[in-house]
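A short worksheet on the structure shown next.
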Amino acid sequence: MGVMLSVKNLDVYYGSIHAIKNISFEVQEGEIVTLIGANGAGKTTTLHSISGLVKPKSGEITFCGSNLMAIEPHKIIRLGLAQVPEGRRIFAKMTVQENLEMGAYIRNDGGTIEKDYERIFERLPRLKERRRQIAGTLSGGEQQMLAIGRALMCNPKMLLLDEPSMGLSPLLVGEIFEIIQDVNKTGMTVLLVEQNAKKALEIANHAYVLETGSIAMEGEADELANNEKVRKAYLGG
Amino acid sequence: MEFLSQVINGLGIGSIYALVALGYSMVYGIVQLINFAHGDIIMVGAYAVFVILVMMNLPLWLAVLGSILFCGIAGVVIERVAYHRLLVHDAPRISLLITAIGVSIFLQNLYQLLFGSDPKSMPKMFTFAPLQLGGIQLTSSTIINISVSVVMMAGLQLLVSKMKIGKAMRATSEDAGAAKLMGINTNTTIAFTFGIGSALAAVGAVLYCNTYPQIKPVMGGLLGLKAFVAAVLGGIGSIPGAMLGGYLLGVAESMTNAYISSNLTDAVVFGILIIVLLVKPTGLLGKNTREKV
Ligand SMILES: Nc1ncnc2c1ncn2[C@@H]1O[C@H](COP(=O)(O)OP(=O)(O)O)[C@@H](O)[C@H]1O
Ligand SMILES: [Mg+2]
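And the structure:
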């Protein structure tokens, strides 16, 4: 057990917009850490900084001892850091199977990959029936499962999830969060970004509250869930 | 019979358009760039054949292979030198387009400087006696053009649907950001796409040289434009669409030559384009929706 991901004094700009203002946080190995915040708070920008899709102005991002800011975006997944991006961003014109193959793109171990498909299908049985289907024709919930399955195909050490509950019915949100908990129980470290603070705080160990680019609060998830300010602002009283 | 042989002649010419159209379509599919310099790659390929076959007097197979290799590398170099930085910095499409036109003019001028602007004549390369098929005469170049284009298209389809690099190309063209998250080196994938597209244009150049006896530095202009029309006609971004567009264009040209007037050929070609786009703006096999989820 130790710090797996650490973000220190991160500053990100889009032109003159100061989107992330000097934030720092950590994710311990084996935990679920959640970053909650309203729309536009800077959650996606934070994840994109970690995965290299946006270039931060300054700060330090360290994953398992490697300085992520010095590594090209496509190489970051090779360190064992996979992302389920906001809006799922599955490859809509490819089949379910091909999407999973893209998730395993960095692997060269043909035989074991086959076993991993089976493992993913066991966990996400709905995908198995739709293996040959074009991914764009899946329902929202199935697409989210595919995005998670795709990220798991590289056998990562840590999973970044960006609003996996977005646009899903409460029932499906429950199902997705159960999957996240399941995955975590097998030893996967999780950084979960959510607007759905209630659900996120239910499954997380530790939580950070992001407000207009700054970290407004942090603490154990159950403490924050009972905090007066958090209840008012994010849990509807 | 006359009609049918005009169709087949048209398919022969259309095969060249189709091979060049594939390059336009693949590059557009992956970076949404209309690479106007692509037509000039045919010219580069034709001169490569000329240099190896005529000037250096080397065997034909070496000329063909050399031309394909040279164009493939030229495609990658052009992407790296001219477009790469614009793409990385997400420059406006119009800047890319202007750059492409610049590259096209540069190539034409460079080749005028190197070889002069006079046409060079090419020797016949692959010939055999025409085949008689139920009263229709098939010339050797028609047979070669059609078969080569079909084989190339099948190979490309296989690459894109079955091979790892082909899947990386499709993933990058759908969502380059998500592709990076999968560990795909999108820069290499894009460069590879330019390389393959240009290599196919070189195959088109070899067929062109085998069909028409003359080459000149500006030959890529109209030829490239027509191939671009073929790509748009078929639905830009679609591989079968590019082929279909190329064949249709060839047939339309050959029909106009035979039954209307050879002066009107180009007018008919562009007329067809306008009509198809009015009826189906995405082209014949283009997808209507670009689903963004
Ligand atoms: N590509 C962009 N260009 C300019 N501003 C952006 C861009 N992406 C996000 N922003 C701005 O940065 C801030 C944070 O956005 P984002 O990280 O997407 O928030 P969240 O994911 O929490 O909803 C917002 O004010 C948003 O408008
Ligand atoms: Mg977001």
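So the sequences go chain by chain: A and B. The first sequence begins at 1 in my numbering and counts up one residue at a time. The second sequence begins at 1001 in my numbering and counts up one residue at a time. A virtual CB, placed ideally from N, CA and C, is assigned to each residue, including glycine.
Check: For residue 1168/B, which residues of its own chain have a beta-carbon under 6 angstroms away from its beta-carbon, when the five flanking residues on both sides are left out?; Outcome: 1184, 1189
Check: For residue 1270/B and residue 1229/B, I'd like the C-alpha separation in whole angstroms.; Outcome: 8 angstroms
Check: Using DSSP bridges, identify the partner residues of residue 245/A.; Outcome: Nothing can be reported for residue 245/A: it is not among the residues displayed for chain A, which extend from 1 to 237.
Check: Closer than 9 angstroms by beta-carbon distance: list the chain A residues that pair up with residue 1185/B, in chain order.; Outcome: 72, 74, 75
Check: The region 98-123 of chain A: which residues have C-beta closer than 7 angstroms to a C-beta of chain B, in chain order?; Outcome: 98, 101, 102, 103, 105, 106
Check: Kindly examine ligand 2 and report whether one of its heavy atoms sits closer than 7 angstroms to the Cβ of residue 44/A.; Outcome: yes
Check: Counting only beta-carbon separations shorter than 8 angstroms, does residue 83/A have a partner in chain B?; Outcome: yes
Check: For residue 1080/B, I'd like the list of residues in its chain whose CB is within less than 8 angstroms of its CB, leaving aside the five on either flank, ordered along the chain.; Outcome: 1191
Check: Since residue 1254/B contacts residue 1006/B with CB under 8 angstroms, what's their CB separation in whole angstroms?; Outcome: 5 angstroms
Check: Taking residue 53/A as the query, report the chain B residues whose CB atoms sit under 8 angstroms from its CB, ordered along the chain.; Outcome: 1177, 1180, 1181
Check: Taking residue 1244/B as the reference, give the member of 1263/B, 1001/B, 1010/B, 1004/B with the closest Cα.; Outcome: 1010/B
Check: From residue 1223/B to residue 1056/B, what distance separates their C-alpha atoms?; Outcome: 27 angstroms
Check: Please indicate yes or no: does the CB of residue 207/A lie closer than 7 angstroms to some heavy atom of ligand 1?; Outcome: no
Check: Residues of chain B with CB under 8 angstroms from residue 63/A, in chain order?; Outcome: Chain B residues near residue 63/A: none, gap ~14 angstroms exceeds 8 angstroms.
Check: Which of the residues in the region 1148-1179 of chain B, read from start to end, lie with their CB under 8 angstroms from any CB of chain A?; Outcome: 1164, 1167, 1168, 1170, 1171, 1174, 1175, 1177, 1178, 1179
Check: Go ahead and label residue 1048/B buried or exposed: buried means 16 or more other beta carbons lie within 10 angstroms of its beta carbon, across all protein chains shown.; Outcome: buried
Check: Using a Cβ-Cβ distance cut-off of 8 angstroms, determine whether residue 132/A contacts chain B.; Outcome: no
Check: May I ask you to report which of helix, strand or coil DSSP gives residue 61/A?; Outcome: strand
Check: On the CB-based measure, 16 or more other CB atoms within 10 Å of its CB, does residue 1170/B come out buried or exposed?; Outcome: buried
Check: Would you say residue 1080/B faces chain A, with C-beta separation under 8 angstroms as the test?; Outcome: no
Check: Along the region 165-183 of chain A, what residues have a CB closer than 9 angstroms to any CB found in chain B?; Outcome: none
Check: Exposed or buried, which one is residue 85/A when buried takes at least 16 other CB atoms within 10 Å?; Outcome: buried
Check: Can you give me the Cβ contacts of residue 1023/B inside the same chain, cut-off strictly under 6 angstroms, excluding the 5 residues immediately before and after it?; Outcome: 1038, 1197, 1200, 1201
Check: Measuring straight from C-alpha to C-alpha, what distance separates residue 1124/B and residue 1210/B?; Outcome: 6 angstroms
Check: Could you confirm whether any beta carbon from chain A is found closer than 8 angstroms to the beta carbon of residue 1280/B?; Outcome: no
Check: Could you name the residues of chain B that residue 268/A contacts, counting a contact when the two beta carbons are closer than 9 angstroms?; Outcome: Summary: the structure shown does not reach residue 268/A, with chain A confined to residues 1 through 237, and so no result is reported for it.
Check: Do residue 86/A and ligand 2 come close, with the Cβ less than 7 angstroms from some heavy atom?; Outcome: yes
Check: Identify every residue that forms a DSSP beta bridge with residue 8/A.; Outcome: 60/A
Check: In whole angstroms, what is the alpha-carbon distance linking residue 172/A and residue 46/A?; Outcome: 26 angstroms
Check: Taking one C-beta from the region 180-189 of chain A and one from the region 104-111 of chain A each time, how about it: are there three or more such pairs within less than 8 angstroms?; Outcome: no
Check: Going along chain B, which residues have a C-beta under 7 angstroms from residue 78/A?; Outcome: 1183
Check: Would you say the beta carbon of residue 163/A is closer than 7 angstroms to some non-hydrogen atom of ligand 2?; Outcome: yes
Check: Measuring only from the beta carbon, is residue 14/A closer than 7 angstroms to any heavy atom that is part of ligand 1?; Outcome: yes
Check: With a threshold of 8 angstroms between beta-carbons, can residue 231/A be considered close to chain B, or not?; Outcome: no
Check: Kindly say whether residue 89/A, judged by its beta-carbon, lies nearer than 8 angstroms to any beta-carbon of chain D.; Outcome: The displayed structure is made up of protein chains A and B, and chain D is not among them.
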